[in-house]
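Chemist: In our numbering, the protein residues as written are 509 to 624.
Glycine included, C-beta positions come from ideal geometry on N, C-alpha and C.
Keep in mind that this is a model prediction, so the values were computed, not measured.
This is the structure I have questions about; it appears just below.
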C-alpha cells in the first residue's frame with residue numbers, strides 16, 4: 509500500500525525493510541543507510557522538526573489508516589468505473605466487481621488498531 513514513487517514512500521519502505529531484517533540502527537544513525545540526497549534531506553528535516561503529539565501509537569495508527577484508505581480508495585474508484593462501463597461484461601463479471609467493491613468498503617470501515 510506504500511506509494512514508493514514519492515520520496516516519503518520509498519524512505520518508509522526502506523526503513524520498514526531494515527526493521528523487518530533486524531538491521532535498524534535507530535533514528536540517530538538512520539541517515540547512514542541512505543544514499544539518495546533527497547532522502548537524506550527529507551530525513552534530516554523530519555529529525556529536526558519539533559513534533560507535538562499525543563502518542564506514537566495514535567500517530568502510527570492514523571498514518572497507516574490513511575495509507576490503507578488511499579490504496580483501497582483508488583481501487584474502489586477503478587471498480588466503480590469498471591462497473592459503470594458498458595463493456596463490463598456479463599452479469600457474473602459485474603457481480604464479482606460489485607462484491608469486490610463491497611469488500612473494499614467493509615475493509616475501509618474497519619478501525620486500525622495497533623497493539624504493542
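Could you tell me the boundaries of the alpha helix (DSSP H) in which residue 601 lies?
Modeler: Counting from 1 along the chain shown, the entry for residue 601 is found at position 93. Element bounds for residue 601: 599-617.
Chemist: Select from 584, 568, 603 the residue whose C-alpha is nearest the C-alpha of residue 524.
Modeler: The residue given as residue 524 occupies position 16 in the chain shown. Here the closest residue by C-alpha is 568.
Chemist: Express the C-alpha separation of residue 588 and residue 581 in angstroms, rounding to a whole number.
Modeler: Here residue 581 is taken as the residue at index 73 of the chain shown, counted from 1. Here residue 588 is taken as the residue at index 80 of the chain shown, counted from 1. Using only the alpha carbons, I get a separation of about 10 angstroms.
Chemist: Might you give, ordered along the chain, the residues of its own chain that have their beta carbon closer than 8 angstroms to the beta carbon of residue 512, omitting 5 neighbours on each side?
Modeler: Here the question's residue 512 lines up with position 4 in the chain shown. Excluding sequence neighbours, residue 512 sits near 518, 521.
Chemist: For residue 618, which option in 572, 546, 607, 516 has the closest C-alpha, if you only look at C-alpha atoms?
Modeler: Taking the chain shown and counting its residues from 1, the one referred to as residue 618 is at position 110. Considering only alpha carbons, the answer is 572.
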